[in-house]
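Chains as they are written, first to last, in the numbering used here: chain F, 1199 to 1576; chain V, 1199 to 1576; chain R, 1199 to 1576; chain U, 1199 to 1576.
Below you can see the structure in the form of structure tokens.
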């Protein structure tokens, strides 16, 4: 096994259970007859995905979306095993009502930051439930994305919001064991349109620093304002030892949740360069970072769009592996920017599909997963 | 009646039937027990709104959201009359399935620009149905907002999309009588996240010019990219005699559909200055423009948020009426920008609430519609 | 003296020496005959500004822009005294060459983060010089804004950049005495167009935390991506005891440096609400924060535009003082968002000009500084 | 000569004289000793550029930047001939003073839309001078980019601005002969920061339609708001037969003028796909469009950065030529979006450098122009 193959195989990509289903917009969700309806159907598809691509061994799960009763959880565990899959990150859902807890209508005032104490408590309790689910399913990672925010300047005091948030997060974090991770997401806007409780990486870093060693930041590519340099955020989080993982998707304007790399493949490549450069410098091990796809498939076939995203991630990583980071640094120290840029551009221009194809074939995977997937579904 | 009162009363503001109901985001819609459930309940609220504020005599309607059968349409007409209301603009809905026409799942490929001919035809037919509804209810205005676009670069050819769009719109426009108007909306993104079929005022102007005199552009305040100067678009459309009307709302980032003037009241004021300056110059009559509120109330009580928006519109208009446009022009011609800006700022800083209160009292309206509305609802 | 007057007088606003001169764009700077040419002429104008408005007692200074020799520094000190002014914040300038140090052309690779060691050292040395100037002029505040960044992905490693930046800043910070402050600016883009070394408040907070108690963050209103909620950043920095001060200006798209409050006065008001609410809660004393105007006057008369900005700041503050923050909190805790928003909106709608006029008259200031300034200049 | 080679050679790319010089930001311009100082030195470099790359035969010129006297114009013509170059598009400059015309300081109020009549006339006259220069140098294309706009809402009436602009442009257009073109640029912001006179493609299209057949729109890639779909604008202008040409550069946030394709090569590729698809459908001939590089080189060596941009344009075009547009349409008509996207992605992933290298070698050009350029400069 050569060096490229060895490094290439370090990347493990999780797929989300919800990614096999049809997403929608606030206007409409256009379900088709062939879309999987149950979590069992989704996991069956996930199993095929894993067989064909070698990726997606771990499936990120969403509660109570995926299951909401103990019996169903048992079935879910069996279903994962049946499809030779493992539980990936456990995502708590604080914007949907959980049966027997709070009224749906009350949730509109927020979850971990709600002005209503019983709602904050219910949301904390749901996250603690998710930690139990996590252990039951053999996962080590809890992902928290918060729907909290405000739609108008008067709705909530930033001071109260911040205080409640820190208190709630500490209560959840306290339940984690030494080898368990809390990954915290940030997001500029939506569903709060005037403000969100954790609006950017700066606030997220500030929060995980307050929590402790096992709390890290999760970077979702769609959660930034236009013009923000995401690869720089990745590098700065790495330096602070606080990069926990990624939610991969792509966007043109807002949190569009399009197929990863479908709009801006060069940005995806630069992010992987920041990762590979960090590994080259001994700052991280790529295998310690969580790589997860998180998209909303509204039009194309969801499973096919996951294949597309996976391929784009593999392409970006493979290209980033070709860069000579020592040589790059030499050019940078010599202020020879033309040559430094050329080196980065050159790797991006390489057609790495044959390299990836070779790795696949060595692992007895499908050479063309998309076509193979179509055959299987018939 | 003094000059201010006379001008102030020229402004007629439509409210949307859907604005009395609870909106949601793509994540969740949080209905409450007190939210109106049927169109009858919405119109009853609209009647109260009109009694208290003197505005909202005309109610903008949405089909098939509001009704989808002939019997229901008859009832809707009676219900409008019962609440002393009139039908405002008729909004066709091309993103939801109409019973007995096309499959919901097929709609995800678009409506007037769909690659599938039968779907284009069904969408054209729905708009022609809406024209009939328009006439039946005594309205003169059809509003077209198109959900068409694409989520990926390969989904659709811009050339085919544009050609189909022009053909479909011409078929609809051909059905209009001389005194009927087609108002065409544009929107930068959503639900198409890579592109939308009518992405900006430039394309909308281009299209209404191809259609004819009775087609005009509708400006929705939330449908622009960040940094776009909306008051300039208003002025340019006025010069081309193609400003049809407004959908009022506010935003911080995307099409957030927040209460009008709740985030950026100065922008709203500048838009009304562009309108008043145009009337001052004899370019338009304010009464010929359609002023419509279009918001999505996710958290606050919807009827209350409509009152808030209405008040913000009235405030912006009242302030814009105080500006001396001849004096402004003098400063501008003298390149005395400090004085020109000061004049505009000065009117904005006036507290016009007493002026508006006086007009209300003369018309026997509620001095404080929000408090009055709360009493009525009990 | 009533409560409003007492609180209103707590706000001290600094004006920048460079704000009395004519700014330009990258295309052209249009100097007029009446623009002050020397720092003496600027300070004379600053003296008049202070007499008329009661504000601008402290003048922010920029080195080596304002003076570059010891002799000139002596004159500057005398000139401040002659005009009854004091030195405000001292701003180091790391993008212009200082005579006798480095070549201008080398500066294009950065200052505190340059790949070239001697350039980093020269930039550190310049800041240490500025600390000496600070003491000589009786100021306690050093403001650092960094021009460093990159125009292409290959230009610089984020890892090297971050490491050099932290090292350089620590060297500067080490020279500060116990009662001296270092205020650190952040900026999304420009003059680096691919990236900047301190791109947002998150990185700035991260850095001042590494430096120590006397390092705080400076918020320049024009340095954020579109859609970013600045009042939330203000509140979060306050909670971390790291809000050092402001550079006031306004923008429509980028760092446009327009007159403060001329485009979005409601945002300015919300920022002052965040400050007043914090003081109400005992989190800060408004008088401990640095309030500085930082604009670039390209078209209007610069001194007049400073008066406009000052008035807009005073208006925003006066309105924010009218808000009942205890009542606001009651509405928020009761989830009565309509009433909470109404309370905030109501204070914004007040015409506070008579209140401010009264305070001015009590202090024997000009009732209409702009007109008075015009008379003086003749 | 095969099909690819034939098509590839159709693309003719102009380079700008100013692109060989060092650009700057509003903060500073960092000239180096090796930067060309005179237009003669720039054209000498342009000649080398043309020899090495086969592109840049035509050099876009800027007046009065390049020359401002008749004698110098004569020399310029000789200098072009000496370096085996031709005059490309002639760019009028309305933001810099022309000796003997107007005062520099008056220009800050605008050019073709100035409130001052003599300034409007002087700007019209300068454009008519440029038409004469155009003929003298054998060019057929006048490019107009307008610095006009406003920095505050009171500065100018949109109605007056629009009227003056249309009048001024008509006076210039009237001087054109049948085979001469006026290309009109639009720009969202800068140097006007509150508004610009021709803010987007919609206004530009509206204006060239008022002018006539020989007026077309020029698309500068850096002149759009974030999130705007540029390839759609290209397609819509093509359908209206109003696409005149391009100014190529790249950006991350504003009009950053970075090397073309250095930040978002996929967008550049999609633009070329829109062009190639149009040619495939018989809507345009690529050779009739003006392709011009327009960048501002602040840090890297300018000539080297032009080579980088040229290569990125050639790569994007070569890849777009590989797409099977008939097959793409088949997938689109079948609503098989996965396959349509895959087809577009597949061509983008090809390494076309060998193809381009082969064409170069057949034309006896440098295989590696950047390295060759470095050798020559020594």
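Backbone N, C-alpha and C fix where the C-beta goes; we use that ideal spot for every residue, glycine too.
Bear in mind the structure is a predicted one, so any value in this text is a computation, not a measurement.
- With fewer than 16 other Cβ atoms from the protein chains shown falling within 10 Å of its own Cβ, residue 1235/R counts as exposed.
- For residue 1383/R, the enclosing beta strand (DSSP E) has its first and last residue at 1379 to 1383.
- Neighbours of residue 1539/F in chain R, taken as residues whose beta carbon is under 8 Å from its own, are 1350, 1351, 1352 and 1353 in chain order.
- Among the residues of the stretch 1551 to 1564 of chain F, those with a Cβ less than 7 Å away from any Cβ of chain U are 1551, in the order of the chain.
- Looking only at 1429/R, 1559/R and 1386/R, the smallest Cα-Cα distance to residue 1423/F is reached by 1386/R.
- With its beta carbon less than 8 Å from one in chain F, residue 1426/R belongs to the interface.
- Taking residue 1431/R as the centre and dropping the five residues before and after it, the same chain places the C-beta of 1399 closer than 6 Å to its C-beta, in chain order.
- The closest CA to that of residue 1545/U, considering only 1355/U, 1240/U and 1516/U, is found on 1516/U.
- Residue contact check for residue 1307/F against chain R: a CB pair falls below 8 Å.
- Secondary structure of residue 1251/R (DSSP, three-state): helix.
- Its chain contains 1347 and 1348 as the residues whose beta carbon lies nearer than 6 Å to that of residue 1393/V, once the 5 sequence neighbours on both sides are disregarded; these appear in chain order.
- In summary, residue 1336/U is exposed, with fewer than 16 beta-carbon neighbours lying within 10 Å of its beta-carbon over all protein chains present.
- Under the criterion of beta carbons closer than 8 Å, residue 1373/R and residue 1329/R qualify as touching, at roughly 5 Å.
- Fully contained in the stretch 1210 to 1296 of chain V are the following beta strand (DSSP E) runs of length 3 or more, in chain order: 1211 to 1214, 1256 to 1261 and 1284 to 1290.
- Listed by position along chain V, the residues whose Cβ is nearer than 7 Å to that of residue 1451/U form an empty set, because the closest Cβ is around 11 Å away.
- Contact of residue 1496/F with chain R by beta-carbon distance below 7 Å is absent, the smallest such distance being about 23 Å.
- Residue 1445/R is bridged by DSSP to 1418/R and 1490/R.
- Using a 10 angstroms sphere on the CB of residue 1377/R, the tally of other CB atoms stays under 16, which defines it as exposed.
- As a beta-bridge residue in DSSP terms, residue 1394/U pairs with 1347/U.
- In this structure, the straight-line span from the alpha carbon of residue 1316/R to that of residue 1467/R is close to 45 Å.
- In this structure, residue 1396/V lies near residue 1405/V, with their beta-carbon atoms less than 8 Å apart.
- Here residue 1499/V is buried: its Cβ has 16 or more other Cβ atoms, across all protein chains shown, within 10 Å.
- Of the residues 1501/F, 1539/F, 1356/F and 1282/F, the one whose Cα lies closest to the Cα of residue 1427/R is 1356/F.
- Here residue 1224/R really is in contact with residue 1223/U; their C-beta atoms are around 5 Å apart, less than 8 Å.
- Contacts with chain R at 8 Å (Cβ-Cβ) do not include residue 1431/V.
- Under the Cβ distance rule, residue 1357/U counts among the residues neighbouring chain V, one pair being separated by less than 8 Å.
- Taking 8 Å as the CB threshold, residue 1548/R lines the interface with chain V.
- Only residues of its own chain outside the window of five on either side were considered, and among them 1250 and 1570 have a CB closer than 6 Å to the CB of residue 1564/V, listed in chain order.
- By the neighbour-count criterion, in which a residue is buried when 16 or more other Cβ atoms sit within 10 angstroms of its Cβ, residue 1532/U is exposed.
- Residue burial is scored here from C-beta neighbours: residue 1353/U has at least 16 other C-beta atoms within 10 angstroms and is therefore classed as buried.
- Contact between residue 1433/U and residue 1415/U does not hold, since their C-beta atoms are separated by about 13 Å, which reaches or exceeds 8 Å.
- Collapsing the DSSP output to three states places residue 1497/V in coil.
- In the displayed model, residue 1311/V falls within coil according to three-state DSSP, outside both helix and strand.
- For the C-beta of residue 1457/V, the chain F residues within less than 8 Å are, from N- to C-terminus, 1350.
- The secondary-structure analysis by DSSP pairs residue 1341/F across a beta bridge with 1289/F and 1381/F.
- Restricting attention to 1411/V, 1333/V, 1389/V and 1384/V, the CA atom closest to the CA of residue 1368/V is found in 1411/V.
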